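Accompanying notes for the structure given below.
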Ligand code: UDP
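Numbering (our numbering), first residue to last: 9 to 358.
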């Protein structure tokens with residue numbers, strides 16, 4: 009038995025693989041930026057989705073579908089109860105603290121939330137016999153790049169507690185597979201960008217630290233200017249280069265990873281990016297094109313810990329998962345993020 013997909017979904021592989029569509033899935037952190045997009049896509053595919061979120065950083069109104077459990081992963085009893093009363097085919101885990109600078113100032117918070125709490129989740133899953141796990145990892149597990157593009161063989165030497173907390177979970181997952189047969193896919197995102205093409209969801213961090221939403225706030229007049237952190241990098245225009253990957257393409261990679269586990273694949277790790285780098289200046293130029301607005305730019309010193317160039321080699325995800333980013337045009341990512349900015353704050357627009 010499977011349900012027909014609605015015809016308006018843009019998410020092609022979900023349409024094709026309909027036998028998977030009545031899955032029972034737990035999305036941890038489903039009220040956050042990436043998790044909320046994932047919940048929507050899974051629900052459109054006909055999956056039975058439960059979101060668990062502490063709402064420390066997430067937004068209840070971003071969970072557009074399925075059941076919602078308000079709980080913290082620190083609360084082991086709630087986790088035990090949840091897995092006792094509901095059956096899940098797999099768990100997708102998006103909940104973590106993500107600010108590099110804050111992780112340096114408050115490592116205890118990061119190790120507690122990103123490592124200890126994830127262990128609570130893994131142990132509750134394991135006790136309940138749920139043995140498929142998709143994990144949001146990060147390019148920050150690699151640290152200072154020794155070469156680019158960065159493939160999965162690149163050494164992992166994170167340079168801050170955030171990156172180390174994610175690498176620890178990758179290593180724990182390896183041990184849990186060996187000991188308990190828990191199969192996982194670790195997806196190492198480069199720079200997640202863009203927003204739901206339908207305009208229902210987008211990035212809502214508080215405080216916002218990411219380049220694209222900040223540039224768009226400068227375009228809308230919600231911020232007076234955008235700071236460029238360093239123009240003296242060894243790159244063609246002197247500003248840092250990053251690999252921006254559309255949120256819908258990230259979600260698709262999660263879906264394909266889930267399918268691979270359901271078909272019996274071994275645990276895997278994949279780097280997810282477009283393979284094209286864009287400089288900070290190119291992002292600002294794109295925002296000027298897309299919005300047609302004046303954007304005030306102020307040059308600022310380098311931000312600590314920023315490598316000049318971070319670009320993914322995602323051949324492995326393309327080959328093994330059949331993944332292919334379809335929103336790789338920077339202007340499209342910026343356009344979708346701009347739609348979201350306008351939907352949220354249209355009243356403030358000049
Ligand atoms: N950046 C910038 N000004 C800002 C925010 C970010 O110049 O106000 C730069 C930052 O130094 C980096 C790039 O934009 O080179 C992307 O930063 P972001 O925080 O979006 O993502 P990260 O690469 O840190 O994950």
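Don't be surprised by glycine CBs; every beta carbon is placed ideally from N, CA and C.
Fair warning: this is a prediction, and the values are worked out from it, not measured in the lab.
- The ligand UDP has a heavy atom closer than 7 Å to the beta-carbon of residue 218.
- Residue 234 has its CB nearer than 7 Å to a heavy atom of the ligand UDP.
- Taking the C-beta atoms as reference points, residue 190 is found nearer than 8 Å to residue 139.
- Residue 204 counts as buried, since no fewer than 16 other beta carbons sit within 10 angstroms of its beta carbon.
- With respect to the 8 Å criterion, residue 87 and residue 129 are classified as neighbours on the basis of their beta carbons.
- A distance below 8 Å separates the beta carbons of residue 298 and residue 339.
- Fewer than three beta-carbon pairs drawn from the stretch 234 to 247 and the stretch 263 to 280 are found closer than 8 Å, and the two stretches are therefore not classed as touching.
- Partner residues in the beta bridge of residue 191, as assigned by DSSP, are 140.
- By the Cβ criterion, the stretch 250 to 265 is not in contact with the stretch 76 to 85, since fewer than three pairs of Cβ atoms, one from each stretch, lie closer than 8 Å.
- Secondary structure of residue 50 (DSSP, three-state): helix.
- For residue 276, the enclosing beta strand (DSSP E) starts and ends at 276 to 280.
- Closest in C-alpha terms to residue 194, from the list 200, 265, 227, 344, comes 265.
- Residue 297 sits in a helix when the DSSP states are folded into three classes.
- Distances from the CA of residue 72 to each of 351, 111, 46 were compared; the closest alpha carbon is that of 46.
- Judged by DSSP secondary structure, residue 118 falls within the alpha helix (DSSP H) whose first and last residues are 115 to 118.
- Linking residue 159 to residue 147 through their CA atoms gives a straight-line distance of about 10 Å.
- For residue 234, the secondary structure class from DSSP, reduced to helix, strand or coil, is strand.
- At a threshold of 7 Å, residue 237 counts as near the ligand UDP, since its beta carbon sits closer than that to one of the ligand's heavy atoms.
- Three or more beta-carbon pairs drawn from the stretch 118 to 129 and the stretch 98 to 105 are found closer than 8 Å, and the two stretches are therefore classed as touching.
- When the Cα atoms are used, residue 208 and residue 97 turn out to be separated by approximately 27 Å.
- For residue 253, DSSP records a beta bridge to 200.
- Secondary structure note for residue 76: its beta strand (DSSP E) is the uninterrupted segment 75 to 78.
- Here DSSP, grouped into helix, strand and coil, assigns residue 268 to helix.
- Cβ neighbours of residue 152 within its own chain (closer than 8 Å, five residues either side excluded): 165, 167, 315.
- In the three-state DSSP reduction, residue 287 falls in the strand class (E or B).
- Relative to residue 202, the option among 65, 233, 192, 223 whose CA is nearest is 223.
- Using a cutoff of 7 Å, the CB of residue 259 does not count as near the ligand UDP, since none of the ligand's heavy atoms is closer than that.
- When secondary structure is reduced to three states using DSSP, residue 44 falls in the helix class.
- Less than 8 Å separates the beta-carbon of residue 329 from that of residue 261.
- Looking from the CA of residue 115, the closest CA among 171, 216, 177, 320 belongs to 171.
- Taking the CA atoms as reference points, residue 245 sits about 8 Å from residue 287.
- The alpha carbon of residue 295 has as its nearest neighbour, out of 225, 93, 161, the alpha carbon of 225.
- Here residue 146 is bridged, per DSSP, to 197.
- In terms of side-chain proximity, the C-beta atom of residue 199 is found nearer than 7 Å to a non-hydrogen atom of the ligand UDP.
- As a beta-bridge residue in DSSP terms, residue 101 pairs with 36, 143.
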